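Peer 1: First the structure, which I've put down as structure tokens, then a few questions once you've had a look.
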């Protein structure tokens, strides 16, 4: 997961007049959040199976504590998970070690600490890549572009990128309000401040995509859309909203 470093304005909701308090978010929320608290509310969609082939090397970008990586390893695929959060990777490695004698996963999952904008792999290293609600955690548009460039670089020609991302849900009052209310801070349509469910404190900036935005992010990055579908996704707080399930091919 990518971090964010910027000043945030807190707006008092107790009155119509706004009280603005400046503070700095941690240099990287996703580097410091406890590994087990990294959101993992989404499952793999069945469409993945129709693209995977025996012997494929898979890269799970923003793997968190390895939920999806282990699922794919149990199906017999070789999976490398990468995440910026060192504790999450430590947990993943420990889990992999505990499964050393499991025939389904033995030696099939490995994990590395790394940044998605500078992947520590050679060109054309992987057959298939996964971004499971990962780009939503990247608040800077140019960082998303860079991440897609890196994903393209390490993917083999003819390989596929599978990604699931939350859509902009303007028809839902809750999200319409958040997009508009937080725009003075986020400076981007579809972005909002993600709050701690217990304390209400700002944790990070989240971004929801329009269809056009996500398509052109991929196409401009050299990918061609092979599969695109709107699905109902579950957020980390349990809300059910529209999102996109996409498979894009490296030409």
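In UniProt numbering, the protein residues as written are 1 to 251. Ideal placement from N, C-alpha and C gives every residue a C-beta, glycine not left out. Only a predicted model underlies this, so the values are computations on that prediction, with no experimental measurement involved.
1) Looking at the structure shown, is residue 178 part of a helix, part of a strand, or coil, going by DSSP?
2) Could you check what DSSP says for residue 78 in three-state terms: helix, strand or coil?
3) Out of 227, 74, 109, 62, point me to the one whose CA is closest to residue 86's CA.
4) Mind reading off the beta-carbon distance from residue 148 to residue 217? Whole number of angstroms is fine, and I expect it under 8 Å.
5) Could you tell me which residues DSSP pairs with residue 57 in its beta bridges?
6) Identify, in the order they occur along the chain, each residue of the same chain with its Cβ nearer than 8 Å to the Cβ of residue 91, setting aside the five sequence neighbours on each side.
7) Three-state secondary structure (DSSP) at residue 33?
8) Hey, could you find the ends of the alpha helix (DSSP H) residue 108 is sitting in?
9) Which stretch, first to last residue, makes up the alpha helix (DSSP H) that contains residue 150?
10) Contact defined as beta carbons within less than 8 Å: I believe residue 117 pairs with residue 155. What is the distance between those atoms, to the nearest angstrom?
11) Along the chain, which unbroken stretches of the beta strand (DSSP E) at least 3 residues long are found entirely within the region 176 to 242?
12) If you draw a straight line from the alpha carbon of residue 30 to that of residue 89, how long is it in whole angstroms?
Peer 2: Here's the rundown:
1) Indexing the chain shown from 1 puts residue 178 at position 178. It is helical.
2) Within the chain shown, numbered from 1, the residue matching residue 78 stands at position 78. Three-state DSSP puts residue 78 in a strand.
3) Along the chain shown, read from residue 1 onward, the residue named residue 86 stands at position 86. Of the listed residues, the one whose Cα sits closest to residue 86 is 62.
4) By one-based count along the chain shown, residue 148 stands at place 148. By one-based count along the chain shown, residue 217 stands at place 217. With 8 Å as the limit, residue 148 and residue 217 qualify as a contact, their Cβ atoms being about 6 Å apart.
5) For the purposes of this step, residue 57 is taken as the residue at position 57 of the chain shown. 78, per the DSSP bridge assignment.
6) Within the chain shown, residue 91 is the residue found at index 91, counting from 1. Cβ within range, chain order: 35, 36, 65, 66.
7) Locating residue 33 in the chain shown gives position 33, where the first residue counts as 1. If DSSP states are grouped into helix, strand and coil, residue 33 belongs with coil.
8) Translated into positions along the chain shown, residue 108 becomes position 108. No alpha helix (DSSP H) holds residue 108; DSSP gives it neither H nor E.
9) Locating residue 150 in the chain shown gives position 150, where the first residue counts as 1. Run containing residue 150: 141 to 154, per the alpha helix (DSSP H) assignment.
10) Here residue 117 refers to the residue found at position 117 when the chain shown is read from its first residue. Here residue 155 refers to the residue found at position 155 when the chain shown is read from its first residue. Wrong, their Cβ atoms sit about 15 Å apart, outside the cutoff.
11) 191 to 195, 202 to 207, 223 to 234
12) Sequence index remark: in the chain shown, residue 30 carries index 30 (1-based). Sequence index remark: in the chain shown, residue 89 carries index 89 (1-based). In a straight line, the C-alpha of residue 30 is about 12 Å away from that of residue 89.
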